[in-house]
Amino acid sequence: MAVRGVLLSKKIGKRENIVEKIDKNSILDGMSELVALQDTNHTIFWVNKAAADSLKSKRKDLIGKHCYELLARKKAPCDNCPIEISKKTRKPHKSEIKTYDGRMWSISSYPIKDSNGRLIGFTEVSYDITEKKTMGNELKESEIKFRRVFENLPFISFILDTKGNLISGNKYAENLIGLKTRDFSGKPFSSFGLLDKKGLLKAFFEFRKNLKGKITDKTVYDIKTKDGRKLTVELMGIPINEDGKVVSVLDVGSDITESRKTHDKIIESEKKYKFLVDSTMELIVIISRTGKILFANKAMLDSFGYKEEEVVGKSMIRFMTRESIKDALYLIAQEFMGKKQKESELHLKAKNGEIRTVLFAEGSTPVYENGKMTGLLVNGRDVTEIKKAEQELRDSEERFRMIFENANDAIILLDRKGNVIEANSRIYDVLGYRAKDIMGKSFAHSGVIRIQDLPRIMKVFANSTKKGVLEGGGETNTMQFQLKHGKGNKVFVEVSTTFIKKEGKTESILTMMRDVTDRVEWEKRLKESEEKYRKQFEEALDAIFVADADTGIITDCNKAAEKLTGRKKSEIIGKHQRILHPPSKKKDKFTKEFREHLSEKKGGIIESRVITGDGKLRDVSIKANIIEMGGKKFLQGIFRDITERKKSEEMIRKNEERFHMLFKRMPDSSIVLDRKGKFLEASEEAERMSGYKVSEVVGRNLFEMPILDIKTKAIVAKKIISVFTEGKVSDFEIVINSKRGKKIPIEISARMIEYMDGKAVLVIMRDISDRIKRDKELRESEERFRNIFESSNDAIFVHDLRTGEIFDVNQKACELFGYTKDKLKKMNVGDISSGRDPYTQRNAVKKIRTVSEEGPVVFEWVSRDSRGRVFGTEINLKIVVLSGKRRILAIIRDIENRKRWEKQLMQSKKELEEKVEELEKFSKISVGRELQMVKLKERINELEKKLKTKPANDV
Numbered sequence: 002m003a004v005r006g007v008l009l010s011k012k013i014g015k016r017e018n019i020v021e022k023i024d025k026n027s028i029l030d031g032m033s034e035l036v037a038l039q040d041t042n043h044t045i046f047w048v049n050k051a052a053a054d055s056l057k058s059k060r061k062d063l064i065g066k067h068c069y070e071l072l073a074r075k076k077a078p079c080d081n082c083p084i085e086i087s088k089k090t091r092k093p094h095k096s097e098i099k100t101y102d103g104r105m106w107s108i109s110s111y112p113i114k115d116s117n118g119r120l121i122g123f124t125e126v127s128y129d130i131t132e133k134k135t136m137g138n139e140l141k142e143s144e145i146k147f148r149r150v151f152e153n154l155p156f157i158s159f160i161l162d163t164k165g166n167l168i169s170g171n172k173y174a175e176n177l178i179g180l181k182t183r184d185f186s187g188k189p190f191s192s193f194g195l196l197d198k199k200g201l202l203k204a205f206f207e208f209r210k211n212l213k214g215k216i217t218d219k220t221v222y223d224i225k226t227k228d229g230r231k232l233t234v235e236l237m238g239i240p241i242n243e244d245g246k247v248v249s250v251l252d253v254g255s256d257i258t259e260s261r262k263t264h265d266k267i268i269e270s271e272k273k274y275k276f277l278v279d280s281t282m283e284l285i286v287i288i289s290r291t292g293k294i295l296f297a298n299k300a301m302l303d304s305f306g307y308k309e310e311e312v313v314g315k316s317m318i319r320f321m322t323r324e325s326i327k328d329a330l331y332l333i334a335q336e337f338m339g340k341k342q343k344e345s346e347l348h349l350k351a352k353n354g355e356i357r358t359v360l361f362a363e364g365s366t367p368v369y370e371n372g373k374m375t376g377l378l379v380n381g382r383d384v385t386e387i388k389k390a391e392q393e394l395r396d397s398e399e400r401f402r403m404i405f406e407n408a409n410d411a412i413i414l415l416d417r418k419g420n421v422i423e424a425n426s427r428i429y430d431v432l433g434y435r436a437k438d439i440m441g442k443s444f445a446h447s448g449v450i451r452i453q454d455l456p457r458i459m460k461v462f463a464n465s466t467k468k469g470v471l472e473g474g475g476e477t478n479t480m481q482f483q484l485k486h487g488k489g490n491k492v493f494v495e496v497s498t499t500f501i502k503k504e505g506k507t508e509s510i511l512t513m514m515r516d517v518t519d520r521v522e523w524e525k526r527l528k529e530s531e532e533k534y535r536k537q538f539e540e541a542l543d544a545i546f547v548a549d550a551d552t553g554i555i556t557d558c559n560k561a562a563e564k565l566t567g568r569k570k571s572e573i574i575g576k577h578q579r580i581l582h583p584p585s586k587k588k589d590k591f592t593k594e595f596r597e598h599l600s601e602k603k604g605g606i607i608e609s610r611v612i613t614g615d616g617k618l619r620d621v622s623i624k625a626n627i628i629e630m631g632g633k634k635f636l637q638g639i640f641r642d643i644t645e646r647k648k649s650e651e652m653i654r655k656n657e658e659r660f661h662m663l664f665k666r667m668p669d670s671s672i673v674l675d676r677k678g679k680f681l682e683a684s685e686e687a688e689r690m691s692g693y694k695v696s697e698v699v700g701r702n703l704f705e706m707p708i709l710d711i712k713t714k715a716i717v718a719k720k721i722i723s724v725f726t727e728g729k730v731s732d733f734e735i736v737i738n739s740k741r742g743k744k745i746p747i748e749i750s751a752r753m754i755e756y757m758d759g760k761a762v763l764v765i766m767r768d769i770s771d772r773i774k775r776d777k778e779l780r781e782s783e784e785r786f787r788n789i790f791e792s793s794n795d796a797i798f799v800h801d802l803r804t805g806e807i808f809d810v811n812q813k814a815c816e817l818f819g820y821t822k823d824k825l826k827k828m829n830v831g832d833i834s835s836g837r838d839p840y841t842q843r844n845a846v847k848k849i850r851t852v853s854e855e856g857p858v859v860f861e862w863v864s865r866d867s868r869g870r871v872f873g874t875e876i877n878l879k880i881v882v883l884s885g886k887r888r889i890l891a892i893i894r895d896i897e898n899r900k901r902w903e904k905q906l907m908q909s910k911k912e913l914e915e916k917v918e919e920l921e922k923f924s925k926i927s928v929g930r931e932l933q934m935v936k937l938k939e940r941i942n943e944l945e946k947k948l949k950t951k952p953a954n955d956v
């Protein structure tokens, strides 16, 4: 027994030595964690105040007891006991343990060794994580609810982060494009291969609007699915905000492939013929029976300088000269009577007052609407020389000057020799000199550099100027110097430089200086001070900051503080405690939290926010106490990161808002009905379309309202029953009655969804009134422009850019070459050429390729018709884009008569010149010769005038 007593007293003595080394009141008692010191048998020999308070006991009542008896009510260590594991590994360990009262704890053990390295006990640190675990479970339930609704939406829906990476997509989108979200989650949307370059560029600009907080209108995209199918979708981008900042973008839309195909065919047809009409240089107008202009093509408008609205609907008389009005009225009257008129010249007035002459072609083409002849299509050519206006470009340059007076640091601009070019007002606060006192002077001789430092600093300046980088500045391009203040005291500054270069050579040096004297002094003090209680301080799980209670300057912090703020310790120590909090809290000497802990909330816990080195905000709970070291008061603050807990609370709230927003902002009118047709929900778009407010319809039965007529009610009821019984999507079209009595044709897509722990049908409605009207107008437009194309007096061909294959021709081409339209489409250029070199298929293809490289071209060619007749033609070639593809547009004119007249002219001219030479030999009858010469010249001019004509105009 005596031996046991001696051993026990030694053991207790060692425990007392350990306890004496720890300042419990200033450090451990200030911690919010439960701290207990135990021997190797789990016997407690010291606890902090938080541990005693948690167990509702006094410290002396806990000494000598085992931790597993107090926390788990067990007679042996817990299965996952961190001390048992540390005893085996001799290293710190962390475990999660559930106590007898149902709470969850995070418990860490740290081995305690004597000077010989022998294990003599453990420090056990515990904190309650019950609330964190509970919040995590609630968040999961909320996310599951949101995911179920999101995935079952009956239209395309996906979410992108602010970098354009996919966060999630619903089943409808996956089934439509053939891609699984799990395979592409976290990857850029641009990498999916759905859009071509043009589509990606359009999507980028729409996405950029979303990032600015704007909801973008419905935008049409052409996509290519995984299995190669080409689809057309209509998408709408909705920004999702958190704390006033866009954090992601919700894209919703629908597949409009089928409706788009019909629409595009009509549009393309109209574009094709409108393009041909607007591309030709031939002037085309349509005149009504009353002489009003119903249509004028682009060439007509451009030639006379008018806009379409200045011409269409106006009388043709107002654009004619007085002498041409009578002729024009006669010609139009004769044409309406069915009497075809010959070519005629009329004089028209341009907008600028110029009189221009137009040669109108022989005959006209009747224009019909609803089976009645309503006008005449007349085409002609501008035979007046056109003056082209020249545009001048002006370039201007503006110079921008650097403004730096409001900078927090002193800024000096030096030339290559070190002379001060400019300096801001902060130079006085840092060095004690006013800017005007050092302007124009050499910085080396301004008095701020100590004599002993001058050679070193000048060497650094010279080498840095030569290299264009601060020598010795390291990765941060900064250095620290000791300078002389204007008042005579020393000042430490941190210098960073930017070398301004011109043509690769340094022209000037921008130097920024920050006063770091206080930081240097504190660093010196810290090096001289004793590191007390360092281990427990550094290994605490919460961030701990120690600041001077009088000045607010931070004097110490632990590793957890570095992790919390994202700053190195050297970037924190020596700084004011204001750097820990957002800028909005820097208006006073101390932050609100610092003042409260100095006064009424000593030892209390308050919640606040800290700002990290990269500008991020984190939520923290702060507990602070006044401690004394070296006779001076300091405020020790323990910061616990509660960001995740706050996020969990906020996400639960925002998920609920998203459910409501998703439905209310659907791009199409949407309603939710139960099995009997009762309204459960209605979107804002449905309210706008029908005229009924949401409050007027929710709770009422669809079939008891005047929205549907009797026949339509039967159709809708049958469709709803089908959706509930078969579970399939039902798409159909009906006509509804708005509240104002207007009949609205709509397209409906209905599907079954989960709603309030039950089943409901989601009905998506789209107003198709504009589509029906547009389709009708486009069909009429196509017919009108086809008549214009077919009535052209020149043959028009559309060719393949590479092979010369014929895709389309007009009626004039069929008449000129003697083939049917179908026959011509199966032929190539060589088939309608003479075949004699160079008028062959091979040379024709070369001409076509020349247009691709050099632009439009006009040339003469020898063609052959179906009867074998070989004749001269003038061909105008130009590249056009039809149906999204580059084609060759060829306008061909028969110039055989012109060539024959030219030949006759040349022969006549030659004969006349020979006669002139003979007459000149008879000098005695000079008067008679002169008279003969005048007559001959008049004859030549007369022949030339008859043969005057203009080449086929460029298209």
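Every position in the sequence shown, counted from 1, becomes a number in the numbering used here once 1 is added.
Built from N, CA and C at the ideal position, the CB exists for glycine as well.
Bear in mind the structure is a predicted one, so any value in this text is a computation, not a measurement.
**Message:** Which of the three DSSP states is assigned to residue 752 in this structure?
**Reply:** strand
**Message:** Using only the alpha-carbon positions, how far apart do residue 158 and residue 213 sit?
**Reply:** 20 Å
**Asked** Smallest Cα separation from residue 73: which of 108, 297 and 61?
**Response** 108
**Prompt:** Based on Cα-Cα distance, which residue from 411, 612, 597 and 892 lies nearest to residue 959?
**Reply:** Residue 959 is absent from the model: the chain starts at 2 and stops at 956.
**Request:** Just the C-alpha distance for residue 1 and residue 572, rounded to the nearest angstrom, thanks.
**Result:** Lying before the first or after the last residue shown, residue 1 is absent from the chain, which here runs from 2 to 956.
**Message:** Please determine whether the Cβ atom of residue 328 lies at a distance below 7 Å from any heavy atom of the ligand GTP.
**Reply:** Inclusion of the ligand GTP in the displayed structure is not the case, the ligand content being empty and no account of it being possible.
**Prompt:** Where residue 810 and residue 890 are concerned, what is the direct C-alpha to C-alpha distance, given to the nearest angstrom?
**Reply:** 10 Å
**Asked** Taking only runs of the beta strand (DSSP E) that begin and end inside the stretch 786 to 854, which ones reach a length of at least 3 residues, in chain order?
**Response** 796 to 801 and 807 to 810
**Item:** Collapsed DSSP secondary structure at residue 456 in the structure displayed
**Value:** helix
**Request:** Pull up the distance between the alpha-carbon of residue 192 and that of residue 94, whole angstroms please.
**Result:** 44 Å
**Prompt:** From 876, 736 and 224, pick the residue whose C-alpha is nearest to that of residue 747; which is it?
**Reply:** 736
**Message:** Within a Cβ cutoff of 7 Å, which residues of the same chain sit near residue 207, ignoring the five residues on either side of it in sequence?
**Reply:** 217, 220 and 238
**Prompt:** At which residues does the alpha helix (DSSP H) containing residue 307 begin and terminate?
**Reply:** No alpha helix (DSSP H) holds residue 307; DSSP gives it neither H nor E.
**Message:** Please state the DSSP three-state secondary structure of residue 176.
**Reply:** helix
**Prompt:** For residue 419, which residues of its own chain have a beta-carbon under 7 Å away from its beta-carbon, when the five flanking residues on both sides are left out?
**Reply:** 443, 444, 445 and 462
**Message:** At the level of alpha carbons, what is the spacing between residue 307 and residue 181?
**Reply:** 56 Å
**Message:** If distances are taken between C-alpha atoms only, which option among 866, 548 and 47 comes closest to residue 821?
**Reply:** 866
**For residue 198, the first and last residue of its enclosing beta strand (DSSP E)** = No beta strand (DSSP E) holds residue 198; the alpha helix (DSSP H) holding it covers 198 to 212.
**Own chain residues within Cβ distance below 8 Å of residue 368, not counting five before or after** = 287, 295, 374, 375, 376, 377, 378, 785 and 788
**Message:** For residue 690, report the span of its alpha helix (DSSP H) as first-last.
**Reply:** 685 to 691
**Asked** Assuming residue 248 and residue 163 make a contact with CB atoms under 8 Å, what is their CB distance in whole Å?
**Response** 7 Å
**Prompt:** Would you call residue 584 buried or exposed, if buried means 16 or more other Cβ atoms sit within 10 Å of its Cβ?
**Reply:** exposed
**Item:** Alpha-carbon to alpha-carbon, residue 674 and residue 664
**Value:** 14 Å
**Nonlocal neighbours in the same chain, by C-beta distance under 8 Å from residue 725, ignoring five residues either side** = 676, 753, 760 and 762
**Message:** Need the endpoints of the beta strand (DSSP E) that residue 609 sits in, please.
**Reply:** 606 to 612
**Element boundaries [beta strand (DSSP E), containing residue 961]** = Look at the range of the chain in this structure, 2 to 956, and you will see that residue 961 is not part of it.
**Request:** Quick one: grab the DSSP three-state call for residue 596.
**Result:** helix
**Proximity winner among 51, 110, 117 and 103, relative to residue 40 (alpha-carbon distances)** = 110
**Request:** Would you grab the beta carbon distance between residue 635 and residue 547 for me? Rounded to a whole angstrom, and I think it's under 8 Å.
**Result:** 5 Å
**Message:** Under DSSP, the alpha helix (DSSP H) around residue 62 begins and ends at which residues?
**Reply:** 60 to 63
**Message:** If I follow the unbroken beta strand (DSSP E) through residue 333, where does it start and stop?
**Reply:** Residue 333 -> not in any beta strand (DSSP E); alpha helix (DSSP H) instead, spanning 323 to 337.
**Prompt:** To which residues does DSSP link residue 106 through a beta bridge?
**Reply:** 98 and 129
**Prompt:** Just reading off the alpha helix (DSSP H) that residue 883 is part of, what are its end residues?
**Reply:** Where residue 883 is concerned, there is no enclosing alpha helix (DSSP H), although the beta strand (DSSP E) it sits in stretches over 871 to 883.
**Item:** Cβ neighbour criterion (16 or more within 10 Å) applied to residue 331
**Value:** exposed
**8 Å contact criterion, which residue 577 and residue 610 should meet: CB distance rounded** = About 17 Å separates the two Cβ atoms, so there is no contact after all.
**Asked** For residue 292 versus residue 333, is the C-beta spacing smaller than 8 Å?
**Response** yes
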